[in-house]
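In what follows, a single structure is set out as structure tokens and then discussed.
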Amino acid sequence: MSEETIRLTVDGRGVARLTLARGVRHNALNAAMIARMTEAAAQLDADDRVRVVVLAGEGRSFCAGADLAWMREQIEADAAGREAAARALAGMLGAFWRLGKPLVARVQGAAYGGGVGLLCLADVAVAADDARFALTETRLGLIPATIGPYVVARLGPAAGRMILSGRAFTAQEAVSLGLLVRSVVPEALDRAVEEEVAPFLHCAPGALREAKALLRALGPSVTEEAVALGIEALIRRWESAEAAEGISAFLARGRPSWQGGRTGGERRPRREDGPEDMPDAEVPRGLGRGLTFRAGSADPAAGSCGGRAGPGPPPVRRDGRAGAGHRSARSEEGTGRGWGLQARGAGQGMAALCPCRPAWRSTLSWRWPLRGWRSSIAICALCGSMPVWPP
1 MSEETIRLTV DGRGVARLTL ARGVRHNALN AAMIARMTEA AAQLDADDRV
51 RVVVLAGEGR SFCAGADLAW MREQIEADAA GREAAARALA GMLGAFWRLG
101 KPLVARVQGA AYGGGVGLLC LADVAVAADD ARFALTETRL GLIPATIGPY
151 VVARLGPAAG RMILSGRAFT AQEAVSLGLL VRSVVPEALD RAVEEEVAPF
201 LHCAPGALRE AKALLRALGP SVTEEAVALG IEALIRRWES AEAAEGISAF
251 LARGRPSWQG GRTGGERRPR REDGPEDMPD AEVPRGLGRG LTFRAGSADP
301 AAGSCGGRAG PGPPPVRRDG RAGAGHRSAR SEEGTGRGWG LQARGAGQGM
351 AALCPCRPAW RSTLSWRWPL RGWRSSIAIC ALCGSMPVWP P
């Protein structure tokens, strides 16, 4: 049975909702999702019932960009395969750019790489005020090539700063850049989206289509030449040694040479004050009320650490040792039982906050818990940010 990558519904008012449905993978784009989104764009454009389209993401994140496993497949593919993949991605973006219906984006959690590209295709984008945004491709040895024309059209000169630095930015900064029209508290996000959708329903559909086409023609242009340049640039990047090193290092829990790694893909040395990697483990209910993590089952390309959390957290101890009964637990003497551990698997909850995206299991390194679970601090070993759990 094939994976469900998107869901498409249309309500009685003519409001279509296109939901990216790879929530467990932070809606990372792969070949199947790209193909289905291209089909959906054509379907939405041709359906006279549809007057407005809402683009949303399932789960914690809007879209974490391209699935790195899919990216690695392109690096390993032959020239024809790489060209086909690049053209498919560019074709999907172009289909939404040409959509003759208003497109409203609803953003929560992470919008990285291709996720930012999707926002640049929207006529209106609204986000929760704790959402995070980044164009991190250059940190991985890649470039935002196929989304580049749309990012430049939306952000103007600011696009260069965001693309070249690869740094994360907040929803408030995204508003100032023009990527979003506004940000609201998470509880008000659906209401804010509805407030943006409602005015379109009072407009003539044909007039909206022609007005949107005119705005595309009058505004910053995305030409066929620019799209072709993006395709060629992406293919060249996929063929580069830097892209191979960056993606391999990231998936292998290492860091590339330009980030201080000893060799591409080589495992990073463990911090002396950080925790050791854990096997599957369960903190008993007496301490943690059933907190379970599978530290060894992460899917780095998916943006998930593989954690399974029960209804409550374990107590914590300043030295960060494992809880009593934990099979990895040890006391200060090196054997026996310690106290509560802020499990590495909890990094799953930080997916929307860390700018260096997926592979949370491999990038998070616990430094110290403060006063209980809700004020525990983690350091991202790749980018040095300090997300707080829970987000």
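Numbering (the UniProt record's numbering), first residue to last: 1 to 391.
Even glycine gets a Cβ: it sits at the ideal position worked out from N, Cα and C.
Query, Result
"Please tell me whether E245 has its Cβ less than 9 Å away from any Cβ of chain B.", "The structure shown contains no chain B; it holds only a single protein chain."
"Pull up the DSSP beta-bridge partners for R7, would you.", "T19"
"For R154, which residues from the same chain have a beta carbon less than 6 Å from its beta carbon, with the 5 sequence-adjacent residues on both sides left out?", "C120"
"Per DSSP, what are the beta-bridge partners of F133 in this structure?", "A111, F169"
"Let me make sure I understand the geometry here. Which of V197, R22, V107 has the alpha-carbon closest to that of Q172?", "V107"
"Could you tell me the distance, in whole angstroms, from the CA atom of G109 to the CA atom of A125?", "14 Å"
"Rounded to whole angstroms, what's the CA-CA distance from V185 to A127? Just pull it up for me.", "9 Å"
"Over what stretch of residues does the beta strand (DSSP E) that includes V54 continue unbroken?", "52-57"
"Buried or exposed: where does L201 fall if 16 or more other Cβ atoms within 10 Å of its Cβ makes it buried?", "exposed"
"Using 10 angstroms around the beta-carbon of residue 439, count the other beta-carbons present and answer buried if the total reaches 16, otherwise exposed.", "Lying before the first or after the last residue shown, residue 439 is absent from the chain, which here runs from 1 to 391."
"DSSP state of A255, grouped into three classes?", "The sequence given here has Arg at residue 255, not Ala. If DSSP states are grouped into helix, strand and coil, R255 belongs with coil."
"Would you mind working out which of I147, D129, G117 sits nearest E187, comparing C-alpha positions?", "D129"
"For the beta strand (DSSP E) that contains D184, what are its first and last residues?", "With the sequence shown as reference, residue 184 is identified as Val, and Asp is not the correct amino acid for it. Here the beta strand (DSSP E) through V184 covers 182-184."
"Please tell me whether A21 and E4 are closer than 9 Å, where the distance is taken between their beta carbons.", "yes"
"Pull up the distance between the alpha-carbon of S240 and that of V10, whole angstroms please.", "43 Å"
"Please report the Cβ distance between A64 and A28, rounded to the nearest whole angstrom; I am assuming they are in contact, meaning their Cβ atoms lie under 8 Å.", "5 Å"
"Using a threshold of 9 Å, state whether the C-beta atoms of R167 and Q259 are closer than that.", "no"
"Looking at C-beta atoms only, is the number of pairs between the stretch 132-150 and the stretch 227-239 that lie closer than 8 Å three or more?", "yes"
"Give me, in chain order, the residues of the same chain whose beta-carbon lies closer than 6 Å to that of P102; leave out the 5 immediate sequence neighbours on both sides.", "V52, D123, F200"
"Alpha carbon to alpha carbon, what distance is there between G219 and A204?", "22 Å"
"Can you give me the C-alpha to C-alpha distance between G12 and V50, rounded to a whole angstrom?", "9 Å"
"Quick one: what does DSSP say G296 is sitting in, helix, strand or coil?", "The pLDDT assigned to G296 is 34, lower than 50, so where the model puts this residue is not dependable, and the model offers no usable value."
"So what's R49 in DSSP terms, helix, strand or just coil?", "coil"
"Exposed or buried, what is D67 when buried is set at 16 or more other beta-carbons lying within 10 Å of its beta-carbon?", "buried"
"Quick one: Cα of A243 to Cα of R237, how far?", "6 Å"
"Can the beta-carbon of L18 be found less than 9 Å from the beta-carbon of A56?", "yes"
"Return the first residue and the last residue of the beta strand (DSSP E) that A128 is part of.", "124-128"
"Is the separation between the beta-carbon of L234 and that of A35 shorter than 9 Å?", "no"
"Are G115 and G246 touching if we call contact CB-CB under 9 Å?", "no"
"Alpha carbon to alpha carbon, how far is A158 from V152? Give it in angstroms, no decimals.", "8 Å"
"Can you give the Cα-Cα distance for F250 and R161, rounded to whole angstroms?", "23 Å"
"In the DSSP assignment, what are the bridge partners of L103?", "V53"
"Give the straight-line distance between the Cα atoms of P390 and E196, rounded to the nearest whole angstrom.", "Because P390 sits at a pLDDT of 34, beneath the cut-off of 50, its placement in the model cannot be relied upon, and the following sentence gives the value as read from the coordinates. P390 and E196: Cα-Cα distance of roughly 30 Å."
"Note down, one range per segment and in chain order, each alpha helix (DSSP H) of at least 4 residues found wholly within the stretch 200-237.", "205-218"
"I need the straight-line Cα distance from L89 to A192, nearest angstrom please.", "30 Å"
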